[in-house]
Structure formats: C-alpha cells, structure tokens
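First residue of the sequence shown: -9, per my numbering; consecutive thereafter. Worksheet for the structure shown next.
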Amino acid sequence: MKLKRTLLLGALLLVSVLVLSACTGIAPQAAAPSTGGEQAAAGEPVTITWAFWGSPEEAASHKLVADAFMAEHPEIKIEIWNQPWNDYFTKIQALWASGDSKVIPDVAFLWPTPRYAAEGVLENLDPFIEASGYDLNDYWPGLLESAKYEGSVYGFPRDIEVNVIYYNKDMFDAAGVAYPTDDWTWDDFLAAAEALTQKDANGMTTVYALAAEGGKWAKWVNQNNGAILDDYVNPSKCMLTDPASVGGVQFFADLMDQGYAMRPADLSQAGGDAAVFSSGQAAMILQNTSRVSAFNAAGMNYDVVPPPIPADGKRHNGAGGAAWVMSSGSDNKDAAWTFIQWLQSDGGGETIYTERGEIFPALQSVANSPAFMTDQPPANKQGIITEAAASDVGNFGYFPEWGELDGSIIGPGLEKIWAGEIDPETGLADICAQVDQFLADNGYPK
C-alpha cells in the first residue's frame, strides 16, 4: 500500500476515457449537514458514484453490498466505478484533478487517507459525525487515527489488519510439538521453531518453521517496546536505533539467519506465504485474516494464535486499514454520508463483508457477533479478537509523507537486513540517519 503518485493536472486527459458502470441504488438514513447539489427530479433517486479497486470477484462482493443497501434505501442510486489496483490511484486522481463533479466519485475506498486529505480532495467528516450522532467508540483502539488529518476524521476504515500466527496442526503433530497457546512467548516460539525446521545434510533448510513477509517487521519491534518514530502524526526523529527497536529487528533477522524463517525474497519467489503454508514448506505464517477463506476451501487442518511476545514485552497490533472516504468535490454529500454510514454499521456493509469472510471488521460489535464468530475454522477466533484488542499506532506514520518515507528509505534499508547483507544495528543506524534528514527536509515537526 505504498502509494507514491501525486495529483497531476496533466492526468486530465485520462478523464475522457474513464467509463462509469454497473448501477444499483440506495438512500439517505440519518440527518447530516445540508450540502446542496442533490437535485434529483421528484420521485427519482439521487445518484452517487462508489469507487473501489479489486478483481471482478471482489467487485461482485461490492455489488452484493450495494444491492442490500438498495433493498433498504431505494432513494439513492449508486454507480459503481471499479478499477484494478495498479490503475486505480492514477485514474481516481485524474477524476479529482478534473474538478468535474459529474465524474468525481462521491464515495471511494482509499489508502493512505492523510495524504489525500492533505491534498484537499477529501471531505472532513466531523460535521456529519456530530450531526448524525454516529458512534466512533465501536472502532478498535487506535484504528481511526489512520483516517485522520490534523485531528479530524476523513474516512472510516472498513477493516483492521490483525496479524496472527497460522499453524499447520498436522506438521506440529508430526514434529511432536504442542499447539501454541494465546500466552506463548518468544522463547516458546524459538523452541517450536527449532523442532519444526528441517534441514538437509548440508545444513540447508528444506522445511521452514515460519514464513513471514518482510512488511510484518514492525510487529516484532512494537512487541519489544520499541518504536519506529517518536511520534506517528508529527514526528521529529527516528527511533529505530533505540535498543528495544534494534532487539525487535534482530529477533526477526535471527530467525532467517538460523534458517527457521524464509527470507522475504525467497518467500516471494516461492509464491507467497499462502503457497508455502498450503504446500507444507512452512509450518507457520504470520498473516492477517485474509487467508482464512482459502485455507478453509482447501480443507487445511490449521488454527490461529496471537503472535508470541517477549517476556518483558507487550501485545501489539498495528492499527490501520483502507477507508471509505467522501470526495470534497461531491455534489451529493448528504447521500454519500448516508451510504458511508450504512457501510460502516452492524447489520450493514460491515456485516456482509464479514459474513463472506473477506474482512476482519473495523467494528468491535461485528467482530463479536455471529457474522464473525461462526463454527467454521479457525477454531481460535477469540485469539484474533485478543490481538485486535491490543491495536494501537506504531506500524506506520499517520502523516502525508509516510508513504514516500517508507518506500524510499525505510523499506529499502530493511531489505538489506532481511537479505543478510548487513547486521541490524548497522542497517538501522543508516536508516535513521536518512529518516531524520527526510523529516527535517519536510518541515517536521510541524
């Protein structure tokens, strides 16, 4: 989700070739600030455009959500605008750059929210929240911070990324390793990893204990009481040279150096964590709940457990997720607010997406409802909720330039560590020097 594109007026040329399609309908439900512009003929619905990225299969799911809303609220018509991930951000920026309210999406799925709020293309939702009495307390701790800019809410995250350990019960049984419990520690994890890892006569790993994407690295840092930055909204310096931060990175790097975990580059070449977990090349993966449906369909004998924490550490889940936002250039803001409010409600869009196994919901009420707490695997759904309850800031910055900082400095620097080209202490010192210069060059702290 590292978006590096900026609004380009030259992108106006793209507008003429963008086609809006797939209509359904929906309608207002709660009082909000009057915005004007909603002038459908008497008896006709107000039309809003709903933009999101995804495959045709994902688009079909969104269509189902829109149809459900239409059944409840026939006074608003929705035109769906769906694009592949690789094209979505360039094309939606072209629509915003046009300034033409006839093509600007009224509601969109977006990440990272602060960046686009800073560019002025998103509507501040605070007045709508206040007027409607929409309850923000149902969101997981820290989650709304990822959709704020200068203290105001500009979007509602649809889901929250809760990373847990998936483990193959058959592989644990074969190795004689007890299944992990929700309170296991780093030491417990290392003991299990040693028993689960298989190596050939030359000492090369043939079966790994763990496969984890490099992007999951902040989990280990935060668990070890470390930090990336001194402040995630208005930072002044990098904290990755702090001993606790170095220790978290060192733990992850050591897993690779000892052959317990696949290096991210090798994992990518092998087809990703789902592939190596399904094929038995790795006994565990660290991943969010997006893998559940595929593993269930494959009939895998697995369960999940919260990630282990160090003896003196803490449970931590990074709070963030792509959000539903409203365009500031929309002519139909009341209708757009009605739709967003329904999307983010227990019994509305959140429930439908959760029932289909596509998300772990942003709303605690939905996570604790039958929509999520089904009798389908994994059995330890409570472990996911336990991890979600420990959500907080810490995995990334909540300021407009974070994507550039992570993509140009932090990510490339860490890749050298994961590849074993440089030790964590040296690599993190180099990263921090560049981060501090980047922050200063961009006027931080503000």
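The C-beta atom is built at its ideal place from N, Cα and C for all residues, glycine as well.
Non-local C-beta neighbours of residue 40 in its own chain, meaning closer than 6 Å and more than five positions away in sequence, comprise 68, 70, 97, ordered along the chain.
With 16 or more other Cβ atoms from the protein chains shown falling within 10 Å of its own Cβ, residue 230 counts as buried. If you ignore the 5 residues before and after residue 128, its C-beta comes within less than 7 Å of the C-beta of 353, 354, 355, all in its own chain and listed in chain order. Only residues of its own chain outside the window of five on either side were considered, and among them 43, 81 have a CB closer than 6 Å to the CB of residue 73, listed in chain order. Residue range 176 to 186 is occupied by the alpha helix (DSSP H) that includes residue 177. Following the DSSP letters along the chain, one finds residue 373 inside the alpha helix (DSSP H) bounded by residues 371 to 378. Residue 270 places its beta carbon 8 Å or farther from that of residue 385. A distance below 6 Å between beta-carbons, with the five flanking residues on each side excluded, links residue 78 to the following residues of its chain, in chain order: 43. In the structure shown, the three-state DSSP call for residue 115 is coil. 8 Å or more divides the Cβ of residue 145 from the Cβ of residue 383. The criterion of a C-beta distance shorter than 8 Å is satisfied by residue 66 and residue 36. Within the same chain, 236, 239, 240, 243, 407 come within 7 Å of residue 414 by CB-CB distance, once the 5 residues on both sides are set aside.
Counting only runs of at least 4 residues, the stretch 382 to 422 fully encloses the following alpha helix (DSSP H) elements, listed from N- to C-terminal order: 392 to 395, 401 to 408. Comparing C-alpha distances from residue 281 to each of 125, 156, 106, 102 shows the shortest one belongs to 156.
Remark: C-beta atoms of residue 288 and residue 252 do not approach each other more closely than 8 Å.
Counted as a single uninterrupted DSSP element, the alpha helix (DSSP H) harbouring residue 209 occupies residues 207 to 213. In the structure shown, residue 69 adopts extended strand secondary structure according to DSSP, grouped into three states.
A distance below 6 Å between beta-carbons, with the five flanking residues on each side excluded, links residue 339 to the following residues of its chain, in chain order: 55, 333.
For the 8 Å CB-CB criterion, residue 147 and residue 387 do not form a contact. Pairing residue 139 with residue 107 gives a Cβ-Cβ distance under 8 Å. Counting of Cβ neighbours within 10 angstroms places residue 246 among the buried residues, the total reaching 16 or more. The C-beta distance from residue 294 to residue 154 rounds to 5 Å, short enough to meet the 8 Å contact threshold. Annotation: residue 329 to residue 371 spans about 29 Å, alpha carbon to alpha carbon. Assignment of residue 133 by DSSP, reduced to helix, strand and coil, places it in the helix class.
As a beta-bridge residue in DSSP terms, residue 277 pairs with 154. In this model, residue 410 and residue 433 are separated by some 34 Å (Cα to Cα).
Of 375, 337, 85, the smallest CA-CA separation from residue 361 is found for 337.
Here the C-alpha atom of residue 120 lies approximately 43 Å from the C-alpha atom of residue 233.
Taking one beta carbon from each stretch, the stretch 315 to 326 and the stretch 388 to 399 have fewer than 3 pairs nearer than 8 Å; the two do not touch. Around the CB of residue 207, 16 or more other CB atoms lie within 10 Å, so the residue is classed as buried. In the DSSP annotation of this structure, the continuous segment of the beta strand (DSSP E) that includes residue 293 starts and ends at 292 to 295. Spatial neighbours of residue 267 in its own chain (CB-CB distance under 6 Å, excluding positions within 5 residues in sequence) are listed in chain order as 275.
For residue 314, the uninterrupted beta strand (DSSP E) segment begins and ends at 313 to 316. Where residue 97 is concerned, the enclosing beta strand (DSSP E) starts and stops at 97 to 100. Excluding residues up to 5 positions away in sequence, 306, 384 lie with their Cβ nearer than 6 Å to the Cβ of residue 212 in the same chain.
The shortest C-alpha to C-alpha distance from residue 113 to any of 125, 130, 137 is the one to 137.
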